[in-house]
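This report refers to the structure that appears directly beneath it.
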Amino acid sequence: MKQTTDFWKMKQSGNKIVMVTAYDFPSAKHAEQAEADMILVGDSLGMVVLGYDSTIPVTMDDMVHHSKAVRRGAGNTFIVVDLPFMSYHLSIKDTLLNGARVMQETGANAVKVEGADEVIDHIRALTKAGIPVVAHLGLTPQSVGVLGGYKVQGKSADEAKKLINDAKKCEEAGAFAIVLECVPKQLAEQISKDLTIPTIGIGAGAAVDGQVLVYHDIITYGVDRVPKFVKQYTNVNEQITAGLSSYVSEVRRKEFPEDKHTFTMKEEELQALYG
Ligand code: KIV
Ligand code: NA
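Residue numbers (this note's numbering): 7 to 281.
Given below as structure tokens:
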């Protein structure tokens, strides 16, 4: 399994870091089989798996429950777990307890937190306590209400300057990597050059040290419309719907099950049963 220092080396040698989300046993197995470098148990699970319309309702219990399943499916892949809404803001003690819970109960390798400002001290405390932290700047979905929607961040010079400074603060506080979501490619490139730690982009262009996408978006599973920054590599919705519809109609047409799907008693046992 890779370690935090391996990701620094990948940045130095120009090898892209590939991260994919996973939320359960099968998706984790798929991610490991595909040889992703890192799995993110994202709080996007609230939307793509649990059907909420944002990540705000996701709880620590949700994250722990799903992360355990992901670890069972991917025993040999570095796993990052999102700390959910309001689980790393109340106090440093609260943050450390939540971070410790993720590490001890799920077997994950790191946590991810959104934002800078007041969160910086929490990144520092987690790191000092031995919990590797991935920072997350740009579009931070847990703040969607404050940001006023899911929009590209850092388009103006002022916003970009703050993002560059925030990224440096995250690195200085001990984050070992940083996710940049929905920012202009020029800004992501600048941040990637300014930092020693790797940047992992989503909607941040190609001049970053790695990429992350949501599992369900990559394979078009349960989602319909996807953001501009997603590439849909396959469409399993179509395959799933076709398979399930065939099952439904074959049962109704009495075509399933066939003999080959069926167990049979021996003739002599039937004799014994009915005489
Ligand atoms: O929750 C998530 O899936 C994420 C990624 C989009 C970075 O935070
Ligand atoms: Na997230």
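Idealized CB from N, CA, C, for every residue including glycine.
Beta-carbon spacing of residue i, residue j below 9 Å
i	j	result
G79	S33	yes
I23	G216	yes
L143	D172	yes
V214	L145	no
L169	L193	yes
F91	K8	no
L56	V64	yes
V140	I184	yes
A131	A106	no
P263	Y156	no
V242	Y227	yes
P138	V125	no
Q159	E178	no
Q196	A166	yes
I225	M44	no
Exposed unless 16 or more other CB atoms sit within 10 angstroms - verdict on residue i
i	result
H267	exposed
Q148	buried
F204	In the sequence as displayed, the identity of residue 204 is Pro instead of Phe. So P204 counts as buried.
I246	exposed
M271	exposed
Q18	exposed
E275	exposed
T11	exposed
S251	exposed
D49	buried
R231	exposed
I239	According to the sequence shown, residue 239 is Tyr rather than Ile. By the 10 Å Cβ count, Y239 comes out exposed.
Any non-hydrogen atom of the ligand NA within 8 Å of residue i CB
i	result
H142	yes
E120	yes
G136	no
S73	no
D49	yes
P204	no
P147	yes
Residue i: CB within 8 Å of a non-hydrogen atom of the ligand KIV
i	result
I208	yes
D164	no
T61	yes
D88	yes
V220	yes
D68	no
V185	yes
T112	no
T83	no
L153	no
T27	yes
L46	yes
7 Å CB neighbourhood of residue i in its chain, flanking five on each side removed
i	result
L219	V26, I208, V236
V229	V54, H222, D223
N104	M66, L89, S93, Y94
Whole-number beta carbon distance between residue j and residue i, since they are thought to touch under 8 Å
i	j	result
I129	A181	5 Å
L51	D68	7 Å
V70	E111	5 Å
V150	S60	6 Å
S73	A37	Actually they do not touch by this definition, with Cβ atoms about 13 Å apart.
Sequence-distant residues of the same chain with beta carbon closer than 6 Å to residue i, five excluded per side
i	result
G121	T146
Y58	G52
F269	none
I62	F91
G281	none
K175	A122, I126
Residues near residue i by beta carbon distance below 8 Å, same chain, minus five either side
i	result
D100	S93, Y94
K191	A210, G211, A212, A213
R77	A34, I85, T112, G113, A114
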